Every structure is written in structure tokens, then in C-alpha cells.
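Residue numbers (my numbering), protein chains in the order written: chain H, 1 to 478; chain P, 479 to 956. Beta carbons: idealized from backbone N, C-alpha and C, even for Gly. Since the model is a prediction, treat every value here as computed from it, not as a measurement.
Number of protein chains: 2
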Amino acid sequence: MAQKKMVNDITSMDVDFAQWYTDIVKKAQLAEYSSVKGCTVIEPYGYAIWENIQKDMDRRFKEVGVENVYMPLLIPESLLQKEKDHIDGFAPECAVVTQGGGEKLAEKLYIRPTSEVLFCEHYQKVIHSYRDLPKLYNQWCSVVRWEKTTRPFLRGMEFLWQEGHTMHETAEEAKEFTLKALKIYEDVYRETLAIPPVVGQKTEKEKFAGAEATYTLEPMMHNGVALQGGTTHYFGDGFAKAFGIQFTGRDNSLQTPHQTSWGMSTRLIGAVIMVHGDDNGLVLPPKVAPVQVVIVPIAQHKPGVLEKAGELYEQLKKDFRVKLDDSDNSPGWKFAQYEMQGVPLRLEIGPKDIENGQCVLVRRDNGEKISASLEGLTEAIDGLLKTIHDDMYARAQKNREEKTFVAHNHEEFLDIAQNKPGFIKAMWCGDSACEDKLKEETGGVKSRCIPFEEEHISDVCACCGKPAKHMVYWGRQY
Amino acid sequence: MAQKKMVNDITSMDVDFAQWYTDIVKKAQLAEYSSVKGCTVIEPYGYAIWENIQKDMDRRFKEVGVENVYMPLLIPESLLQKEKDHIDGFAPECAVVTQGGGEKLAEKLYIRPTSEVLFCEHYQKVIHSYRDLPKLYNQWCSVVRWEKTTRPFLRGMEFLWQEGHTMHETAEEAKEFTLKALKIYEDVYRETLAIPPVVGQKTEKEKFAGAEATYTLEPMMHNGVALQGGTTHYFGDGFAKAFGIQFTGRDNSLQTPHQTSWGMSTRLIGAVIMVHGDDNGLVLPPKVAPVQVVIVPIAQHKPGVLEKAGELYEQLKKDFRVKLDDSDNSPGWKFAQYEMQGVPLRLEIGPKDIENGQCVLVRRDNGEKISASLEGLTEAIDGLLKTIHDDMYARAQKNREEKTFVAHNHEEFLDIAQNKPGFIKAMWCGDSACEDKLKEETGGVKSRCIPFEEEHISDVCACCGKPAKHMVYWGRQY
Numbered sequence: 001m002a003q004k005k006m007v008n009d010i011t012s013m014d015v016d017f018a019q020w021y022t023d024i025v026k027k028a029q030l031a032e033y034s035s036v037k038g039c040t041v042i043e044p045y046g047y048a049i050w051e052n053i054q055k056d057m058d059r060r061f062k063e064v065g066v067e068n069v070y071m072p073l074l075i076p077e078s079l080l081q082k083e084k085d086h087i088d089g090f091a092p093e094c095a096v097v098t099q100g101g102g103e104k105l106a107e108k109l110y111i112r113p114t115s116e117v118l119f120c121e122h123y124q125k126v127i128h129s130y131r132d133l134p135k136l137y138n139q140w141c142s143v144v145r146w147e148k149t150t151r152p153f154l155r156g157m158e159f160l161w162q163e164g165h166t167m168h169e170t171a172e173e174a175k176e177f178t179l180k181a182l183k184i185y186e187d188v189y190r191e192t193l194a195i196p197p198v199v200g201q202k203t204e205k206e207k208f209a210g211a212e213a214t215y216t217l218e219p220m221m222h223n224g225v226a227l228q229g230g231t232t233h234y235f236g237d238g239f240a241k242a243f244g245i246q247f248t249g250r251d252n253s254l255q256t257p258h259q260t261s262w263g264m265s266t267r268l269i270g271a272v273i274m275v276h277g278d279d280n281g282l283v284l285p286p287k288v289a290p291v292q293v294v295i296v297p298i299a300q301h302k303p304g305v306l307e308k309a310g311e312l313y314e315q316l317k318k319d320f321r322v323k324l325d326d327s328d329n330s331p332g333w334k335f336a337q338y339e340m341q342g343v344p345l346r347l348e349i350g351p352k353d354i355e356n357g358q359c360v361l362v363r364r365d366n367g368e369k370i371s372a373s374l375e376g377l378t379e380a381i382d383g384l385l386k387t388i389h390d391d392m393y394a395r396a397q398k399n400r401e402e403k404t405f406v407a408h409n410h411e412e413f414l415d416i417a418q419n420k421p422g423f424i425k426a427m428w429c430g431d432s433a434c435e436d437k438l439k440e441e442t443g444g445v446k447s448r449c450i451p452f453e454e455e456h457i458s459d460v461c462a463c464c465g466k467p468a469k470h471m472v473y474w475g476r477q478y
Numbered sequence: 479m480a481q482k483k484m485v486n487d488i489t490s491m492d493v494d495f496a497q498w499y500t501d502i503v504k505k506a507q508l509a510e511y512s513s514v515k516g517c518t519v520i521e522p523y524g525y526a527i528w529e530n531i532q533k534d535m536d537r538r539f540k541e542v543g544v545e546n547v548y549m550p551l552l553i554p555e556s557l558l559q560k561e562k563d564h565i566d567g568f569a570p571e572c573a574v575v576t577q578g579g580g581e582k583l584a585e586k587l588y589i590r591p592t593s594e595v596l597f598c599e600h601y602q603k604v605i606h607s608y609r610d611l612p613k614l615y616n617q618w619c620s621v622v623r624w625e626k627t628t629r630p631f632l633r634g635m636e637f638l639w640q641e642g643h644t645m646h647e648t649a650e651e652a653k654e655f656t657l658k659a660l661k662i663y664e665d666v667y668r669e670t671l672a673i674p675p676v677v678g679q680k681t682e683k684e685k686f687a688g689a690e691a692t693y694t695l696e697p698m699m700h701n702g703v704a705l706q707g708g709t710t711h712y713f714g715d716g717f718a719k720a721f722g723i724q725f726t727g728r729d730n731s732l733q734t735p736h737q738t739s740w741g742m743s744t745r746l747i748g749a750v751i752m753v754h755g756d757d758n759g760l761v762l763p764p765k766v767a768p769v770q771v772v773i774v775p776i777a778q779h780k781p782g783v784l785e786k787a788g789e790l791y792e793q794l795k796k797d798f799r800v801k802l803d804d805s806d807n808s809p810g811w812k813f814a815q816y817e818m819q820g821v822p823l824r825l826e827i828g829p830k831d832i833e834n835g836q837c838v839l840v841r842r843d844n845g846e847k848i849s850a851s852l853e854g855l856t857e858a859i860d861g862l863l864k865t866i867h868d869d870m871y872a873r874a875q876k877n878r879e880e881k882t883f884v885a886h887n888h889e890e891f892l893d894i895a896q897n898k899p900g901f902i903k904a905m906w907c908g909d910s911a912c913e914d915k916l917k918e919e920t921g922g923v924k925s926r927c928i929p930f931e932e933e934h935i936s937d938v939c940a941c942c943g944k945p946a947k948h949m950v951y952w953g954r955q956y
């Protein structure tokens, strides 16, 4: 981590974290602002990261029997109104179509902010018997939620995501699937993105519009701020009843199914940037890096160098995502460029290396240089990429632990909120008035979640002093 | 092809082709109508076909250096107005957002009907030097075009597609890429979908709004009707000029790049249904079939049958997309079900087969039954799937040839248009007035394209009798 800063036009994260983020997004060519207010263009390098995340998640979904579908982009107002909590939650932040084909529409169409009602309408048509259950559908699409401020990948009017919507025979099965989806998300974070999120249940106040229970993954960014980075919801049978979805049960009685939904979005790219990045730019987890190994020939005009580099490229591309940069740019320029783009491993090969039957491997995450024999190179790189993943995870875990503080009472809570960026663990009485008060007093610290394994910190709420019901993670968020 | 009809609730294609199509879409669970006027839900089986098509196309794009991006869904009116022909062509069929975040918008936002202007706006920001060229971007998304009638996969208010947009240093290179994209599409048709399309250039009248030249692929459906099934466009520098896109050339002069765009959509699924399907349902090309081999155990209660079926499943799933149906439904029911769903190969395995160390393979495309030894089964299936692909292609080619007619003059043209469903090859003077007249007289026969290899049919236009400039394919379309 203690590398000297080579790319001078990235603001240091310690000087201005927000500007550091914007610089990386722009310089690494991940995304670009567009003239459409609140919308960004996801550029090839950023989109390639998303494709790798998608592929990984999609495989995990399919392994548990989830099937992909596509629902319409537009929701008629009458359909959105079928579930009251839902429209109250979403209608104010929707984009609304009032004209089509040159004419004013008789009924307004809302661009989907999420698709619960569309899935329910469809399920109403196709679910008749317990034999039709469970239905485990997912779609990859974009959604629109009106936002005035835009930060690429973090907050914007439109974002890409997946939304899973499932229907189950019993409440138990639906609850179980809500947690199964949460576990898949957690695995994606840990195994694919090398990020250890705090995982738990949202409070009543923070849960999803229309849900009975919302679970969440809350990774901590390098600066101690949380990102709500994925949620799964148990809906009970509220939507199903509102949409008249019924099935003939095993006992021949007419029953109502139980529902879940769950989503993760391009925000994950924001999390990757802010958890792993450093002052030289992006640091990408090997599993999602568009280029895992970049080959930089040294003294490439010397005989044999480009040939050997080309050979290695052909060999390595069978197992890794590899790029060979044989452009005229200087090695120094290339080093800085691929560091900025977060390529996990740089492979340097020059005349001396070739003579010695070896090459130099340089890790992006910690700058370590390793001499590697050209024999067994594939295995060495494979091992190194795994080590890089593990080390990145351990560093993120360490950062989270170092920036998580315990508040035993109100005074400590306010002191930490004021002076120590990070998460706060503190007891809570269960009253949303205390959440409001703490948010107000601290200028934005909110309950993140009630973790599955609560610690006992004190007997009383860190806000009102009444008997505590839960330990809660608190923190500021993006 | 001459199988007896087992699924009684599919209308025969000879009785009512449109109803046959609708029945297949519904019974094979490809898509379902939604309450959103003009929009359908793509169900898991239909979406799985699309995913296979996507994967195949995406690989081909990436092989020629195309990179995926994501552009905003919404286009401000002022941006859409920058290229006049374009807005004239598209504005009347757009869905328009006039409210957002609970307020009336100062500027209308159009849901993208296609994204030329968004790509141009972005290219204006990122193209500065000839070193930045070519830019070969593509996006997978949905677009909205206001349509009153809906036919799943063929015509609807919203459809899924890919749109490629490229910028090049010279007109020659851009023209070349327009044809390269066309060739990729043609390969997808022939190699992946087993469909032989007619390929050529659109007339002035039929070309894309704002394009200098439009090329097209026109597969013929089983009933002789054409489907405009993919287009590529050469734009010259018209859009680039309108958007002020300039770059410093190799000679240091300021130049304007040249542009292409190209798109194919979920219509391809419609083409697959209507080119290959029969009265028993879908017939899927092996390359895109969600299930390539379905294993149906015979007398599955007998000892050893389910075990052997399970063994075969584990073996075959390494190389193919396989499904084992060990449900309680009767073999007859299963046969009809998977025929209707167009699964290319059925594998039957019963007690006698096991005794003899063999199984029975049944081809969906022609009903042929083959006894296959369990030894070398993987190779046998691999070979059979290739043969099925080739035979499906040959049948589609034969159908196209049998339903393509030559009109030497006006009288013949009208007679064929009236009496023989299919394509008409006829000469044309180059005047769009003749296209209008023929369309009017025939109630809908339009020029499909000027093929790359024109035949000489006559010296004069089949409409006005003036000297002919081109041979044109004509036909009705979906």
C-alpha cells in the first residue's frame, strides 16, 4: 500500500476523498457524465467490470434454480397503485411518460423504479397450483429513480441492476429464500469482490416500501462511510393479496403465495473503487478485473523481446484475461497507466529475464516484485491472483475493524459520530424516534442494520436510555 | 417433417399461420401479454433462447474488437433535434417523459428509440486524435417505439436489442465496417440460427433516418413473408458534423470521422419460430436451444432405469445443455411436451435399452429415430446436433427457393403478388414512385433489398417499363 504516487493527476484520497473518487472514475475511463441530467455513460472499462460481476452473479443465481426473464419498462399508473405502501414509497421519485406516438396518453406510464408490480401481475396469470411454485425469476435491466445529485455508480437517475422476484408456497420457504439470496450476495462480496460487508436486518424505518422484512449488505468504504450495497426483502403475502394471486394447495384449498425480492446494482463498482482503490488509482479484485495480467516488454526493440512477450501472451490467455502492451509508450508510462487502471498483476519481460528463463511479476495491491521462472508460470500466476484476492480481503477487513467503534451511551455516540469516521456499534430500544434523533444530532448517522450476531454492549438504548432491544450498526452512507 | 400432430391445441400453420404463431409463443411459454399496452413479458424459456443468441453475437462482436458500453435511457429533446432527418424519422414514434420527481420538466425527455445521438454526444467528448479511432462501441438494452399493434418478438412498443455505433478515421474504413457488421449478422443467421437470409442494400426509400446507406438481412418465414431481421447503416459524416465531432488527423489537419450503426433484436426469436416451427410446435436450432437433449426414462419404475438415466445426465451435461425429466408424467406426455418446446434431441432409455447397452435418439426436426450405443454417445450426439443444424438450414433454404418467383414485367409482378406468397425478383428503375405504386397495387409488397449479386431478369423496370437500374427482392413483411 505504501507505493509512491506515480500518477500525478489523481487527487490524494486523504486530501479529498470525493475528488479522488471522481478522478479515478474519469482517469480510469469507467464512466463519463452525459448531457442527460443525472445520467452517466458507462464506458468500456467500467462496463467490462460490470459484465464480470454479472457473469459471476448470474451463475450463482442459476445454481439455485433462478431463471431470467424480461418485464416491460413502463408501468401503468393503475398497476403501480395496487399496493399502497409501494406507490407511496416510489411514485414521488419516478419519471412519468405522458405522451406517446405523438398523442397525450389517457393513462400515465411510470418508468420502472423497481418491478414488483409487473412480476405480480405476471405471476397472477401463471400461478394456479402448488405445482407452479416456487417461481424464481430474475431480470437484468436498468431502473430510473429521480435523483438531483449524481455520482457515477453511487447515485444517479438511472442505474443497471438485477432484480429477483420469487413466489413460494409457504411463508417459511419465502423467508428462507430471502436469506438464501442474502447469502449469495454475501458470497459475491467476499469471494468475488474481496469485500467483507456487515450483514443484517434493516430496522422498520429503513425497510423497503411494502416489505415485511428487509435484509442488507453494508460494506465500509476506505473512508469509513457505508454503502447500502444490496438488499433482499421478504414481502409476506401483501402484494400477492393485492394482486389476487392464488393457488390450489396440496390440500386442495385456495391459498396465497409468499414473496421475496432482492437486488444488487452497478453500485458494486462504486464499492470496489472505494474499498480497494489507492492514490495510484483503481485496485481491482482479480475475479472481476477486465485485464488480470498486463504484459509489459522491457527494451522491446532488442531482438527476441517482443517474440517472447507474444509467446507468453498466447500461453497465458488460455487461463487468464491478459493484455500485451507493445505500444511505443515507455515502460514507465505503461506502469503508471495499468496501476491507475488497477490491473492486478504486471508481467515485465526484458532481454536479461529471457536469458535467465524468468520474468518479473509486480502486484498492484502492494507493489511487491516477484521473480518468477517461465517454467510453471501459469501455476505461479494462478496462485498469486488468489493471494492478491485474499490479501485485498484481509486489508478491507482490517480497515473495517479499525474503523468500527463501540458507543456505550449517548455521549460516546455523539463523540464518535463527530470525530471518528466509521461504523458505530450501539444498543437501541427499537423506537424509530431514536433513529430520527440520532440522525438529526449527528447530521446523517443512520442505522445500517441489526446484525445476525448481536453483541451485548449495554442494557440501554444509546439514545433514550430505555431498555435496549438490539445492537445496531450505525453509520453515514453514500 | 411429416410427423403426426400430437399437441392438439396448436392451430395448424396451414389453417391460420398467425394463430399458429400465437399458439406456439403461448404454449411453449416464450412470452405472455402484459397489461402494459404494446408490451410483452419474455418468460424464462424465451429469455433463455435470447441469452444464447446474445452470447453468440457478443462473442463475435468482441472478436472484431467491439466493446460494450451503456448509454442513458432518456434523450433530452434538444439532443434528439441535432440531426434533422433523425428526429423527423423517430420523434413521432417516441414515448415522452414530461414529469420527474413529482414536477413538470423544463425539457421533455424521450425514451431512446435508438441511441445514435447519445453515442455521438459521447464521442464528441472522447475523440480528439486519429489515435482515438476507431471507436467500436455496442450496447445491449431495450428501446421503445410507439406501436399500436403487438405481436410478441415481431412488433411491440418495447424490444430488446443490441445497437453498435462506430466511428472511423475514413469513409472507406466506415463503409468497410458497415459490411463487416453485416457479415457478422449473416454468420449468426447461417451458423447459429440455421437460417439463410437474403442480404443486400435497402433502397433510398427504405433506408434508415439519417443514414447514407442501409444494408439489411431478410429471412423468409415459412409462409413466404419476410422479416426485416437486422440492419447495418453507413452514416458518412452527417451526424459527426451535426455534433461537432472532430479529430486531429495523421497530417495534423482537423477532420470529421465517419460513422456506422447496426442492430439486431429479439425479432430473431420470431424468425426462429416462423422459419423452423411446425404443427407440433417449436423446432429450435441446436446452437440456441435452452435444452439440446432431453432424457426421457421409459418404464422408469423398473429397477436401474432412473439410475442409468441419471448417469447419462451427469455424463452428457459436461458437453451439452441437457434436461432429465423423471417426473410422474407419462412418456407420451413428455414426448409431446418437448416436441412442442422444440428440444432438438430426445433420448429415450428403458430396461431393454440398458440390457442392450444402447438408447434411442429421436430428432425433433424430422422425427427420425436412431438406436445409439451408450459407448461413444457424446460423439454421436455431437454429430447428430450438427446434422440437425445442417438439415434445418437446408430445409429453410429450400423453402426460400421454392417461394422465390421471377417477375419479368408488371403483369407477372401483380399476378405473383396476388397468388404466390413469397419473394419476387424483379427489375427496378430506381424511382421510389415505382415502389409506392407497387406497394399500393399489391396491398403491401415492398422492396426488400438490392442483393449484392444481382441477376439480369429484364432490361426494364417491372413497374414503369423505363430502363432498369437494379434487380430487387420484393415481398410482404412482418
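**Message:** Any beta carbon of chain H sitting closer than 7 angstroms to that of Asp487/P?
**Reply:** As a first step, residue 487/P must be located in the second sequence, where it is residue number 9. Answer no: the Cβ-Cβ gap between Asp487/P and chain H never drops below 7 angstroms.
**Supposed contact pair Asn68/H and Pro522/P - C-beta distance, whole angstroms, cut 8 angstroms** = As a position in the second sequence, residue 522/P is number 44, starting the count at 1. As a position in the first sequence, residue 68/H is number 68, starting the count at 1. That belief holds up - the Cβ atoms of Pro522/P and Asn68/H are roughly 7 angstroms apart, short of 8 angstroms.
**Asked** Checking contacts by CB at 7 angstroms: is Met549/P closer than that to chain H?
**Response** As a first step, residue 549/P must be located in the second sequence, where it is residue number 71. Closer than 7 angstroms: yes.
**Message:** Quick check on the DSSP output: the alpha helix (DSSP H) that includes Ser513/P runs from which residue to which?
**Reply:** Taking the second sequence and counting its residues from 1, one reaches residue 513/P at position 35. Premise fails: Ser513/P is in no alpha helix (DSSP H) and is neither H nor E.
**Prompt:** Using 7 angstroms as the limit for Cβ to Cβ distance, is Tyr693/P near chain H?
**Reply:** The sequence position of residue 693/P within the second sequence is 215, counting from 1. So no, Tyr693/P is outside the interface.
**Delimiting residues of the beta strand (DSSP E) encompassing Tyr712/P** = One-based indexing of the second sequence puts residue 712/P at position 234. Element bounds for Tyr712/P: Thr709 to Gly714.
**Asked** Comparing the C-beta of Pro899/P with each C-beta of chain H, is any distance below 7 angstroms?
**Response** As a position in the second sequence, residue 899/P is number 421, starting the count at 1. It does not: the Cβ of Pro899/P has no partner Cβ on chain H nearer than 7 angstroms.
**Request:** Pick helix, strand or coil for Ala911/P, following the three-state DSSP scheme.
**Result:** Start at 1 with the first residue of the second sequence, and residue 911/P comes out as number 433. Helix.
**Message:** What are the residues in the stretch 543-576 of chain P lying within 9 angstroms of chain H by C-beta distance?
**Reply:** Glu545, Asn546, Val547, Tyr548, Met549, Pro550, Leu551, Leu552, Ile553, Pro554, Ser556, Leu557, Ala569, Pro570, Glu571, Cys572, Ala573, Val574, Val575 and Thr576
**Prompt:** Which residue's Cα is closest to the Cα of Ile370/H: Leu347/H, Ile354/H and Gly357/H?
**Reply:** Along the first sequence, read from residue 1 onward, the residue named residue 370/H stands at position 370. Comparing Cα-Cα distances from Ile370/H to each of Leu347/H, Ile354/H and Gly357/H, the minimum goes to Leu347/H.
**Prompt:** If you draw a straight line from the C-alpha of Phe320/H to the C-alpha of Asn52/H, how long is it?
**Reply:** Sequence index remark: in the first sequence, residue 320/H carries index 320 (1-based). Sequence index remark: in the first sequence, residue 52/H carries index 52 (1-based). Their backbone Cα atoms lie some 13 angstroms apart in a straight line.
**Asked** Under 7 angstroms between C-beta atoms, does Cys120/H make it to chain P?
**Response** Mapped onto the first sequence, residue 120/H falls at position 120. So no, Cys120/H is outside the interface.
**Request:** Output yes or no for whether 7 angstroms exceeds the beta carbon distance between Ile75/H and Ala95/H.
**Result:** Numbered from its first residue, the first sequence carries residue 75/H at position 75. Numbered from its first residue, the first sequence carries residue 95/H at position 95. Against a cut-off of 7 angstroms, the Cβ pair of Ala95/H and Ile75/H comes out as no contact.
**Message:** Looking at chain H, is there any beta carbon in it that lies within less than 7 angstroms of the beta carbon of Gly578/P?
**Reply:** For the purposes of this step, residue 578/P is taken as residue 100 along the second sequence, with counting starting at 1. So, interface residue.
**Request:** Could you name the residues of the same chain whose beta carbon sits closer than 8 angstroms to that of Thr592/P, not counting the 5 residues immediately before and after it, in chain order?
**Result:** Within the second sequence, the letter at position 114 stands for residue 592/P. Same-chain partners within the cutoff: Phe568, Val621, Glu641, Ser739 and Gly741.
**Asked** Is it right to say Thr627/P is buried, meaning 16 or more other beta carbons lie within 10 angstroms of its own, or is it exposed?
**Response** Mapped onto the second sequence, residue 627/P falls at position 149. Thr627/P should be labelled exposed.
**Asked** Mapping DSSP to helix, strand and coil, what is Glu528/H?
**Response** Beyond the ends of chain H as shown, which are 1 and 478, falls residue 528/H; an answer cannot be given.
**Request:** Locate the alpha helix (DSSP H) running through Pro451/H, then write down its first and last residues.
**Result:** Your numbering for residue 451/H matches position 451 in the first sequence. First-last for Pro451/H: Lys446 to Pro451, but that is the beta strand (DSSP E), not the alpha helix (DSSP H).
**Asked** Near Ile248/H, which residues of its chain fall below 6 angstroms by C-beta distance, leaving aside the five closest residues on each side in sequence?
**Response** Position 248 of the first sequence holds residue 248/H. For the record, residue 248/H in the displayed sequence is Thr; it is not Ile. Result list for Thr248/H: Ser129, in chain order.
**Prompt:** What residue ranges within the stretch 371-436 of chain H form continuous beta strand (DSSP E) runs of no fewer than 3 residues, ordered along the chain?
**Reply:** 404-406 and 423-428
**Prompt:** Near Ser743/P, which residues of its chain fall below 6 angstroms by C-beta distance, leaving aside the five closest residues on each side in sequence?
**Reply:** The residue labelled residue 743/P in the question sits at position 265 within the second sequence. If we look at Ser743/P and ignore the five residues flanking it on each side, its Cβ neighbours are Phe637 and Trp639.
**Message:** If we define contact as Cβ-Cβ less than 7 angstroms, is Ala940/P a contact residue for chain H?
**Reply:** What you label residue 940/P is simply residue 462 of the second sequence in a count that begins at 1. No, Ala940/P does not count as interfacial toward chain H.
**Request:** Assess, as a yes-or-no matter, whether the stretch 657-676 of chain P is touched by the stretch 762-773 of chain P under the definition of 3 or more beta carbon pairs within less than 8 angstroms.
**Result:** yes
**Item:** Asn701/P versus Cys927/P, Trp498/P and Lys719/P, residue with shortest Cα-Cα distance
**Value:** Here residue 701/P refers to the residue found at position 223 when the second sequence is read from its first residue. Minimum Cα distance to Asn701/P is reached at Trp498/P.
**Prompt:** Who are the near neighbours of Asp353/H in its chain, counting only those whose CB is closer than 7 angstroms to its CB and skipping five residues on each side?
**Reply:** Here residue 353/H refers to the residue found at position 353 when the first sequence is read from its first residue. Same-chain partners within the cutoff: Cys359 and Val360.
**Message:** Which of the three DSSP states is assigned to Cys120/H in this structure?
**Reply:** As a working note, residue 120/H is residue 120 in the first sequence. Helix, per DSSP.
**Prompt:** Whose C-alpha, out of Arg842/P, Ala718/P and Val783/P, is nearest the C-alpha of Thr648/P?
**Reply:** The residue you call residue 648/P lines up with position 170 of the second sequence. Nearest of Arg842/P, Ala718/P and Val783/P to Thr648/P, Cα basis: Ala718/P.
**Asked** Assuming Gly332/H and Arg364/H make a contact with CB atoms under 8 angstroms, what is their CB distance in whole Å?
**Response** Position 332 of the first sequence, counting from 1, holds the residue named residue 332/H. Position 364 of the first sequence, counting from 1, holds the residue named residue 364/H. Going by Cβ atoms, the distance from Gly332/H to Arg364/H rounds to 16 angstroms, so no, they are not a contact pair.
**Request:** Give the interface partners of Glu163/H over in chain P, defined as CB-CB distance under 7 angstroms, in chain order.
**Result:** The count along the first sequence starts at 1 and reaches residue 163/H at position 163. Per Cβ cutoff of 7 angstroms: no residues; Glu163/H is ~14 angstroms from chain P at best.
**Prompt:** Is it buried or exposed for Ala2/H, if we count other Cβ within 10 angstroms and need 16 for buried?
**Reply:** The residue you call residue 2/H lines up with position 2 of the first sequence. Since pLDDT at Ala2/H reaches only 39, below the 50 mark, its modelled position is unreliable, and no value is offered.
**Message:** Quick check on Tyr70/H: does DSSP put it in helix, strand or coil?
**Reply:** Translated into positions along the first sequence, residue 70/H becomes position 70. Residue state, collapsed to three classes: strand.
**Request:** Please check the pair Thr644/P and Lys683/P, which I expect to be a contact at CB under 8 angstroms, by giving their CB distance rounded to whole angstroms.
**Result:** Looking up residue 644/P in the second sequence gives position 166. Looking up residue 683/P in the second sequence gives position 205. Not confirmed; about 25 angstroms, so no contact.
**Request:** Kindly list, in the order they appear in chain P, the residues whose Cβ is closer than 9 angstroms to that of Glu32/H.
**Result:** On the first sequence, position 32 is the one that residue 32/H refers to. The contacting residues are His600, Lys603 and Val604.
**Prompt:** beta strand (DSSP E) containing Arg841/P: first to last residue?
**Reply:** On the second sequence, residue 841/P is found 363 positions in, with the first residue counted as 1. Run containing Arg841/P: Gln836 to Arg841, per the beta strand (DSSP E) assignment.
**Same chain only: Cβ atoms within 8 angstroms of His470/H, ignoring 5 sequence neighbours per side** = Indexing the first sequence from 1 puts residue 470/H at position 470. Cβ neighbours of His470/H beyond the five flanking positions: Met427, Trp428, Gly430, Ile450 and Glu454.
**Message:** Please identify the residue among Ile127/H, Thr98/H, Ile87/H and Pro72/H whose C-alpha is closest to the C-alpha of Leu118/H.
**Reply:** The count along the first sequence starts at 1 and reaches residue 118/H at position 118. Selected option, being the one with the closest Cα: Pro72/H.
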